[in-house]
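Peer 1: One structure coming up, written as structure tokens, with questions to follow.
Residue numbers (my numbering): 341 to 457.
Dropping the structure here:
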């Protein structure tokens with residue numbers, strides 16, 4: 341089971357999704373899975389995701405129901421007990437997951453963790 345499940349809601353962000361996924365793959369902490377919820381995109385974003393040859397990346401397609409429903413679907417599919425969200429048009433610095441996991445180790449009773457950049 342992975343240590344972190346990264347959930348990415350995807351709706352018509354094909355120009356950005358490869359950069360978002362690449363930023364996850366470049367993390368200094370590598371024990372993760374990525375769940376991309378394609379929320380009814382029509383711009384080919386799902387094909388870009390499927391082009392990544394990484395078994396940690398999964399795509400789940402659903403009818404367009406909005407970003408909150410997509411995030412909730414990603415949570416349902418997550419295998420890790422620690423869930424991180426990344427928007428399809430955003431990216432992480434390479435140490436992002438490591439920083440979150442250090443916070444979790446320092447404050448294990450907290451219900452949520454965040455960083456700023």
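Cβ coordinates follow ideal geometry from the N, Cα and C atoms, glycine included.
Remember, predicted model here, so these are calculated numbers, not experimental data.
Would you list the residues sitting across from residue 347 in a DSSP beta bridge?
Peer 2: In the DSSP output, where bridge partners are listed per residue, residue 347 has 375, 425.
Peer 1: Look at the alpha carbon of residue 343 and the alpha carbon of residue 428, and state the distance between them as a whole number of angstroms.
Peer 2: Those two C-alpha atoms are separated by around 21 angstroms.
Peer 1: Give me the Cα-Cα distance between residue 367 and residue 438, rounded to the nearest whole angstrom.
Peer 2: Residue 367 and residue 438: Cα-Cα distance of roughly 8 angstroms.
Peer 1: Tell me the rounded alpha-carbon separation between residue 420 and residue 433.
Peer 2: Roughly 21 angstroms separates the two Cα atoms.
Peer 1: What span of residues does the beta strand (DSSP E) with residue 398 cover, start to end?
Peer 2: Looking at the DSSP string, the run of the beta strand (DSSP E) that includes residue 398 is 397 to 402.
Peer 1: Where residue 388 and residue 444 are concerned, what is the direct C-alpha to C-alpha distance, given to the nearest angstrom?
Peer 2: Straight-line Cα distance between these residues: approximately 32 angstroms.
Peer 1: When DSSP labels each residue in this structure, what does residue 356 get in the three-state scheme?
Peer 2: Residue 356 falls in the helix class under three-state DSSP.
Peer 1: Classify residue 403 as buried or exposed, calling it buried when 16 or more other Cβ atoms lie within 10 Å of its own Cβ.
Peer 2: So residue 403 ends up on the exposed side.
Peer 1: Which first and last residues belong to the alpha helix (DSSP H) in which residue 452 is found?
Peer 2: Taken as a continuous stretch (DSSP letters only), residue 452 belongs to no alpha helix (DSSP H), as it is neither H nor E.
Peer 1: Confirm, please, whether the CB-CB distance from residue 375 to residue 347 is below 8 angstroms.
Peer 2: Their beta carbons are under 8 angstroms apart, which means residue 347 touches residue 375 by this criterion.
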